[in-house]
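> Here's a structure for you.
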Amino acid sequence: METMTKIRTSAANIDPQGGLQFAVRLDGRGGGQLLSWEDIRRWERAQGPLWIHADAGAADVREWLESESGLTQVTIEALLDPEARPRVFAGRSGYVAILRGVNMNEGAEREDMVAMRLWSDGDRVITLRHDYLRTPRVVLDQLLAGQGPKGAATLYEHLIDRLIDYFGSAIDEYETRIEALETALLKDPDVDQVRGDLSELRQDIVSVKRYVSPQRNALGRLLSEPPSWLQDHDLLLLRESVDQFERYIEELDEFRERALVVKDDLTNLQNEKMNRNMYILSIVAAIFLPLGFLTGLLGINVGGMPGVDDGNAFWLTCFILGIVMIAEVALFRRLGWL
């Protein structure tokens, strides 16, 4: 019995079948049909493009890849590698792209980038993931609405475009954080709080840059050595996505430079505050130095000290010390020290 189901529901309502998250046969009009494992095994190229999205850690997925997918062992190992860095290469029967995207999962850090593994030969598209990926689900929702990719090449390009597009949310978040730090410096900031936020932001940018640089190289190779089944229109759209990714990288570099400026301004602010405190202490010491000399001189325990037997001598001494202090303050003001 035919087990294919016309797509009319939401991606969130589709239950995985073991490691198979979902499979779709594209109808060439922006929609498609959901397939089961049995449908996948009976699929033929004449039936139309096939998209399989599966969990790379599932045993049934590995078994299908090794025994029924037709992929080479080298390609399979590259797709299943849990620590794979971004790269693209042409296999014996298809083209592999391993790319990283920002983590859009609830409660996750954006810089904990998750990998999307793609393989296609122009008729089939296989995407694998170890962690939950939003990108395939978003594209699936477009197919559910009948507004998705019409072919395997367009699907391949669309998945990469959507993955890159999500970088924009992380870029906006970093820009908001750096602007908040720059604004805080214009006020009376909590230095420890600003330093902590700045350190966290710089670490986040470094974490993203760790994958961004090799991904730029991988996408550059994809453009310079595209698969033969990628049409000119799809290649043009892919080039636009890669150009957008380049702009995101430039913005990351700009944020890193702005973070260094904030760090320098914060250091200058701390030094300025310390110098101001030291200056105040120096002025206080300068005022009390002559007063301390006078009181020390009057406190020596030798005979002949004036006013020893005079009951008003203490108050007279305090008056004289007050006059000396006032004179010092007036002198410091005249010299511009206060």
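Under our numbering, think of the first position of the sequence shown as 461, with each following residue one higher.
Glycine included, every Cβ here is placed at the ideal spot set by N, Cα and C.
1) Under a three-way DSSP split, which group does Arg545 fall into?
2) Quick test of your reading: Gly608 and Gly490, contact by CB under 8 Å. State the CB separation rounded to the nearest angstrom.
3) Would a C-beta distance cut-off of 7 Å place Val672 and Glu571 closer than the cut-off?
4) Between Leu525 and Ala483, how many whole angstroms is the CB-CB distance? I'm expecting something under 8 Å.
5) With H, G and I counted as helix, E and B as strand and the rest as coil, what does DSSP make of Gln691?
6) Is the region 724 to 735 touching the region 680 to 695, taking contact as three or more C-beta pairs under 8 Å?
7) Is Ala518 helix, strand or coil by DSSP?
8) Considering Cα atoms alone, identify which of Leu604, Gln675, Ile512, Tyr555 is closest to Glu685.
9) Leaving out five residues on either side along the sequence, give the residues of the same chain with a beta carbon under 6 Å from the beta carbon of Arg716.
10) The alpha helix (DSSP H) with Thr801 in it runs from where to where?
11) Considering Val599, what are the terminal residues of the alpha helix (DSSP H) in which it resides?
12) Rounded to whole angstroms, what is the Cα-Cα separation between Ser629 and Asn737?
13) Between the Cα of Leu578 and those of Arg597, Glu706, Ala538, spot the shortest distance and give me the residue it belongs to.
14) Quick check on this structure: which residue in Leu720, Gly488, Ala790 has the alpha carbon closest to the alpha carbon of Glu660?
15) DSSP three-state call for His590: helix, strand or coil?
16) Suppose you measure from the CA of Gly611 to the CA of Ala550; what does that come to, to the nearest Å?
17) For the candidate residues Ile512, Val574, Ser553, whose alpha-carbon lies nearest to that of Pro542?
18) Straight-line CA distance for Glu504 to Trp497?
19) DSSP puts Arg584 in a beta bridge; with which residues?
20) By alpha-carbon positions, which one of Asp648, Gly530, Glu732, Gly517 ends up nearest to Asp583?
21) Quick one: Cα of Arg655 to Cα of Val722, how far?
22) Distance, Cα to Cα, Leu604 vs Gly478?
23) Helix, strand or coil for Trp497, going by three-state DSSP, please let me know.
24) Mapping the DSSP letters down to three states, classify Arg489 as helix, strand or coil.
Checking against the coordinates, here is how it stands:
1) coil
2) 5 Å
3) no
4) The C-beta distance from Leu525 to Ala483 rounds to 14 Å, too long to fall under 8 Å, and the pair is not in contact.
5) coil
6) Judged by Cβ distances under 8 Å, the region 724 to 735 makes no contact with the region 680 to 695, as fewer than three pairs qualify.
7) coil
8) Tyr555
9) Ile665
10) This structure cannot settle anything about residue 801, because the visible part of the chain is limited to 461 through 798.
11) 594 to 604
12) 43 Å
13) Ala538
14) By alpha-carbon distance to Glu660, the top candidate from Leu720, Gly488, Ala790 is Leu720.
15) Looking at His590 - three-state DSSP - the assignment turns out to be coil, as it is neither helix nor strand.
16) Gly611 and Ala550 have their C-alpha atoms spaced approximately 20 Å apart.
17) Val574
18) 14 Å
19) Leu510
20) Gly530
21) 9 Å
22) 22 Å
23) helix
24) coil
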